[in-house]
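If you want our numbering, it's the position in the sequence shown, counting the first as 1, plus 16. Idealized CB from N, CA, C, for every residue including glycine. Comments concern the structure below.
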Amino acid sequence: ARIITESEYNHVAIDQFVATLYPMLPEFVSYSTDIDMSVSLEFSQAVYRLGHSMLMEKLQIGIQDANGNNPGDPGYNPTFTEEGLFDAFLNPDMYAQYGPAAIAVGLMNETGNQIDEFVTAGLQQSLVGVPLDLAALNIARGRDVGLPTLNEFRKQVFDGLTQNSSNNSNASGIAPYSSWEDFGGHLRNPGSLVNFIAAYGRENDVFHLQDMREAYESGVDASGNLPGDPGYTEPSVTLQDLRANAQKILDAAADPMDPLHDDAVMFMRGEGQPTYDPTNPNAVNGWVFSGGGAGDQGFWDIDLWIGGLAEQPLFDGPLGTSFSFIMLDFAQRMQDGDRFYYLYRMPMGHHL
Numbered sequence: 017a018r019i020i021t022e023s024e025y026n027h028v029a030i031d032q033f034v035a036t037l038y039p040m041l042p043e044f045v046s047y048s049t050d051i052d053m054s055v056s057l058e059f060s061q062a063v064y065r066l067g068h069s070m071l072m073e074k075l076q077i078g079i080q081d082a083n084g085n086n087p088g089d090p091g092y093n094p095t096f097t098e099e100g101l102f103d104a105f106l107n108p109d110m111y112a113q114y115g116p117a118a119i120a121v122g123l124m125n126e127t128g129n130q131i132d133e134f135v136t137a138g139l140q141q142s143l144v145g146v147p148l149d150l151a152a153l154n155i156a157r158g159r160d161v162g163l164p165t166l167n168e169f170r171k172q173v174f175d176g177l178t179q180n181s182s183n184n185s186n187a188s189g190i191a192p193y194s195s196w197e198d199f200g201g202h203l204r205n206p207g208s209l210v211n212f213i214a215a216y217g218r219e220n221d222v223f224h225l226q227d228m229r230e231a232y233e234s235g236v237d238a239s240g241n242l243p244g245d246p247g248y249t250e251p252s253v254t255l256q257d258l259r260a261n262a263q264k265i266l267d268a269a270a271d272p273m274d275p276l277h278d279d280a281v282m283f284m285r286g287e288g289q290p291t292y293d294p295t296n297p298n299a300v301n302g303w304v305f306s307g308g309g310a311g312d313q314g315f316w317d318i319d320l321w322i323g324g325l326a327e328q329p330l331f332d333g334p335l336g337t338s339f340s341f342i343m344l345d346f347a348q349r350m351q352d353g354d355r356f357y358y359l360y361r362m363p364m365g366h367h368l
């Protein structure tokens, strides 16, 4: 009975759940003592937080049908009510009110949100209390534990694959993004590029992205007063201002007649790679960003969690290339490094 229970769990977790997120999962071959089963930080702190993107603002819960049957009763006709996601958080009274069958029926009928860079308001604005934001906490946690940025991760994987393979084309799908234009061309929602530029762009000569972002983050008013200072009025830069400034770059790059066209094109298409040199007086958090026509390299700052969620999905799965690679690594560790994996300990042919 124990082996059957464990085998069913293995089958559901790997063959059904993981294979749904990464349909190209290779077939299990054999257990190997050389494989480290540790769960990577990239999986635990980035990929496996994709569920935060999938939650809906409302939860469906099964209720008594028109014939008086309750969820779980024979002949029950699925009938549902909705409860707010925030209202259901840590609410044992609601659990007692409806019961496990009603909740299970509702979950089976629920359709999750698309996996993308957006998080519903109940998680972003309410779950951990104002002014905290669950999405921002995910990003901060990744930085705290030392996650690479999206492009740093892609470069690490790309370099590893090209160094250990005679066929460099195997790594082409995970190559680091070379420019803002390259990154924008691989987004699930192209309209989100303006948000990434507003949040991560470093250009400060023409479009003053960094100055505006610092003013927004500090809340400084037009006279230089900070919140709490005598005479403080209102923030001089709003979130809408940041987005409008980033949109100006995209508009100018698309319009050859715009006087800022050349600067915008250089911003979008200029290629370059930052170098880590904390002793350099021009370094920002230790990173030195190229000048001299190299374009803006702020896309190297994009955090792995939010950047991976935003990537265009593969043709046969819901995840982009970065998250797909991490999911593949996780699944192979869980299969090939587990001495008790069900396909390994079953007599050959019994699982067919």
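- Bridge partners of Ile77 according to DSSP: Thr97.
- A straight line joining the alpha-carbon of Val210 with that of Val281 spans about 15 Å.
- The shortest CA-to-CA distance from Asp245 to any of Gly91, Gly235 and Thr254 is the one to Gly235.
- Taking 8 Å as the cut-off, the beta carbon of Ser46 is found no closer than this to the beta carbon of Gly353.
- The DSSP-derived three-state label of Asp293 is coil.
- Per the C-alpha coordinates, the member of Asp317, Val34 and Arg157 positioned closest to Leu166 is Asp317.
- Burial is judged here by how many other beta carbons sit within 10 angstroms of a residue's own beta carbon; Leu148 has fewer than 16 and is exposed.
- Leu325 places its beta carbon 8 Å or farther from that of Glu58.
- Tyr248 sits close to Asn241, with the two beta carbons spaced by under 8 Å.
- Between Pro87 and Val121, the C-beta spacing is below 8 Å.
- Glu327 is bridged by DSSP to Leu203.
- Contact between the region 190-201 and the region 344-352 is absent, with fewer than three C-beta pairs closer than 8 Å.
- If you ignore the 5 residues before and after Ala104, its C-beta comes within less than 8 Å of the C-beta of Leu75 and Met110, all in its own chain and listed in chain order.
- An exposed status is given to Gly84, since fewer than 16 other beta-carbon atoms sit within 10 Å of its beta-carbon.
- For Gly217 and Val253, the gap between their C-alpha atoms comes out near 16 Å.
- The beta-bridge partner set that DSSP reports for Thr36 is empty.
- DSSP places Asp257 within a helical segment (H, G or I) once states are collapsed to three.
- For Asp345, the uninterrupted alpha helix (DSSP H) segment begins and ends at Thr337 to Asp352.
- In the DSSP annotation of this structure, the continuous segment of the alpha helix (DSSP H) that includes Leu123 starts and ends at Pro116 to Asn125.
- Straight through space, the alpha carbons of Phe102 and Gln313 are spaced by roughly 38 Å.
- In this structure, the beta-carbon distance from Ser338 to Tyr38 does not fall below 8 Å.
- Within the DSSP secondary-structure output, Thr165 pairs in a beta bridge with Asp319.
- Between the beta-carbon of Asn261 and that of Met228 there is about 6 Å, and that keeps the pair under the 8 Å contact cut.
- Annotation for Leu139: His68, Leu71, Leu101, Leu150 and Ala151 place their beta carbon closer than 8 Å to its own, counting only its chain and skipping 5 residues before and after.
- When DSSP states are grouped into helix, strand and coil, Phe223 belongs to the coil group.
- In the structure shown, the three-state DSSP call for Tyr111 is helix.
- Sorting Pro329, Asp319 and Pro334 by C-alpha distance to the C-alpha of Gln61 places Asp319 at the top.
- With respect to Phe346, Ser56 sits close: the two C-beta atoms are nearer than 8 Å.
- The shortest CA-to-CA distance from Gln328 to any of Gly286, Asp278, Leu203 and Asp89 is the one to Leu203.
- The beta carbons of Arg170 and Pro206 sit no closer together than 8 Å.
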